[in-house]
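Structure, as structure tokens:
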Amino acid sequence: MKERIIGIDIARALAVIGMIIVNFKVVLGENGLSWVKSFASAFDGKAAATFVVLAGVGLALMTNSALRNNDSQKLKTARIRIAKRALFLFIVGLSYIVIWPADILHFYGIYMLAILLLLKSNEKTILISAIALILFYPLLIGFWNYETGWNFDTLDYLDFWTVNGFFRNLFFNGFHPVIPWTAFMLFGFWFGKQDLKSDRFIKKAFLVSSITFGVIQILSHVSISFLSEGNEQIASELSQIIGTNPMPPLPIYMFNGIAISVLIISACIIIGKRFSTNKILLALNKMGQLALTFYVAHVIIGMGFIEAINPEKMGNYPIEFSVGYALIFSLLCVLFAIFWLKKRENGPVEWIMKKIIG
Numbered sequence: 132m133k134e135r136i137i138g139i140d141i142a143r144a145l146a147v148i149g150m151i152i153v154n155f156k157v158v159l160g161e162n163g164l165s166w167v168k169s170f171a172s173a174f175d176g177k178a179a180a181t182f183v184v185l186a187g188v189g190l191a192l193m194t195n196s197a198l199r200n201n202d203s204q205k206l207k208t209a210r211i212r213i214a215k216r217a218l219f220l221f222i223v224g225l226s227y228i229v230i231w232p233a234d235i236l237h238f239y240g241i242y243m244l245a246i247l248l249l250l251k252s253n254e255k256t257i258l259i260s261a262i263a264l265i266l267f268y269p270l271l272i273g274f275w276n277y278e279t280g281w282n283f284d285t286l287d288y289l290d291f292w293t294v295n296g297f298f299r300n301l302f303f304n305g306f307h308p309v310i311p312w313t314a315f316m317l318f319g320f321w322f323g324k325q326d327l328k329s330d331r332f333i334k335k336a337f338l339v340s341s342i343t344f345g346v347i348q349i350l351s352h353v354s355i356s357f358l359s360e361g362n363e364q365i366a367s368e369l370s371q372i373i374g375t376n377p378m379p380p381l382p383i384y385m386f387n388g389i390a391i392s393v394l395i396i397s398a399c400i401i402i403g404k405r406f407s408t409n410k411i412l413l414a415l416n417k418m419g420q421l422a423l424t425f426y427v428a429h430v431i432i433g434m435g436f437i438e439a440i441n442p443e444k445m446g447n448y449p450i451e452f453s454v455g456y457a458l459i460f461s462l463l464c465v466l467f468a469i470f471w472l473k474k475r476e477n478g479p480v481e482w483i484m485k486k487i488i489g
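Right under this line is the structure:
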């Protein structure tokens, strides 16, 4: 992708900031003012979904030219690059999973292998594959217990480092299981094949995704309220089935995640075009180019710094501190990106990946 679409990187930056808020909330603490909790919870499952959809968009932009021209040599090169990138992300994600069990990068490695399998497929096949994964997942839950391996009180996965536990977590009931989360990347791959420079298409995508997201949110909320008849326990149980919570990732959540992802991406493309010289947007654009670096950094540096100061207090900080720190850390990421990219083309982790995979 020789000419970057500024809105894609802006959306990537917003997705990373959303993930930082969610993850800091979970790790540092989430008790406190209700409006701050509501603000932070608004990003649950949505930021990560957008992050994965954007990865699919990036893979499409990387391969569109070779696929259009049916250039077998470029396609072969692209396949090798994607396979190497998948392996790199899988290893990086697993390398620090002991300190960050909710890692998404090792899942990425498997999602990307699915893209390789469907690289030359037509758009209809890609969409059908994504939808099939989403609809197949409830059948899996019908056969296997979703809670197997989990201690949901501590969010520990008890048998992760066993063969059965590892593959169960990876494909079925981890934080971002391959089935159905691969659908996010497949949809992003489909979306990236469209004409993202067409104002007409982007505006239509924004409109459709906005309506879809709104309808899902309203129907989900109304259905839970009506069926629970005010009973909080029943409402909690129903929210697992027809709510928009990411665990378990049932169809309502998955379609909701796709809708909000397209809404954010299309909005960022529109805004990026209209205000292409805005300093805030240009700064977010820089941050988005270093998304992988900041994802790793928010775990190793961001969480690590607080744990080094007071390890006993981890999980017991007020939500105000968790969100405030997340926003400050995000601002520091923006400033770092601006400084770093003045004389360089890639972020630190992106540079390492480029050196390794070529």
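The opening position of the sequence shown corresponds to residue 132 in the numbering used here, with each subsequent residue numbered one higher. Even glycine gets a Cβ: it sits at the ideal position worked out from N, Cα and C.
> Of the residues I383, V294 and P479, which one's Cα is nearest the Cα of A422?
Replying inline: P479
>> Let's test the definition: count the other Cβ atoms within 10 Å of the Cβ of S397 and tell me whether it reaches 16, buried, or not, exposed.
In response: buried
> So is T93 buried or exposed if we call it buried at 16+ other beta carbons inside 10 Å?
Replying inline: Residue 93 lies beyond the stretch modelled for the chain, which goes from 132 to 489, so this question has no answer here.
>> I'd like the span of the alpha helix (DSSP H) that includes G240, first residue to last.
In response: L236 to L248
> Quick one: complete beta strand (DSSP E) runs, 3+ long, within the stretch 251-307?
Replying inline: none
>> For the stretch 168-187 against the stretch 143-152, do three or more pairs of beta-carbon atoms, one drawn from each stretch, fall closer than 8 Å, so that the two count as touching?
In response: yes
> Could you give the C-beta distance for G319 and V188, rounded to a whole number, given that I count them as a contact under 8 Å?
Replying inline: 5 Å
> Taking the alpha carbon of P379 as the point to measure from, which residue in M445, D287, N276 and V353 has its own alpha carbon closest?
Replying inline: N276
>> Please report the distance separating the alpha-carbon of A197 from that of G455.
In response: 45 Å
> Buried or exposed: where does K334 fall if 16 or more other Cβ atoms within 10 Å of its Cβ makes it buried?
Replying inline: exposed
>> How far does the alpha helix (DSSP H) with Y456 in it extend, from its first residue to its last?
In response: I450 to W471
> Does DSSP put F219 in a helix, a strand or coil?
Replying inline: helix
> For the alpha helix (DSSP H) that L413 lies in, which residues bound it at each end?
Replying inline: K410 to Q420
> Going by the beta-carbon positions, is the gap between C399 and L218 smaller than 9 Å?
Replying inline: no
> Are there 16 or more other CB atoms within 10 angstroms of the CB of Q371, so buried, or fewer, so exposed?
Replying inline: exposed
>> So the candidates are Y268, Y384, V339 and F332; which of them puts its Cα closest to the Cα of L350?
In response: Y384
>> Can you list, in chain order, the residues of its chain with a C-beta nearer than 7 Å to that of I373? Leave out the 5 residues immediately preceding and following it.
In response: S351, S354, I355 and I383
> What's the call for P311, buried or exposed, on a 16-neighbour Cβ count within 10 Å?
Replying inline: buried
> DSSP on N154, reduced to helix/strand/coil?
Replying inline: helix
> Which of the three DSSP states, helix, strand or coil, is assigned to N477?
Replying inline: coil
> A336 lies in the alpha helix (DSSP H); which residues open and close that run?
Replying inline: D330 to S359
> Are T194 and I213 close, meaning C-beta to C-beta below 9 Å?
Replying inline: yes
> If we call anything under 9 Å between Cβ atoms a contact, is A414 one with A468?
Replying inline: yes
>> With three or more beta-carbon pairs closer than 8 Å as the criterion, would you say the stretch 298-316 touches the stretch 232-252?
In response: yes
>> Does N387 come out as helix, strand or coil in the three-state DSSP assignment?
In response: helix
> Which residue or residues does DSSP assign as beta-bridge partners of N200?
Replying inline: Partner(s): none; N200 has no beta bridge.
> Can you tell me whether DSSP reads I483 as helix, strand or coil?
Replying inline: helix
> Mapping DSSP to helix, strand and coil, what is N195?
Replying inline: helix
> Got a sec? Which residues, its chain only, sit under 6 Å from L244 by beta carbon, not counting five neighbours each side?
Replying inline: A217
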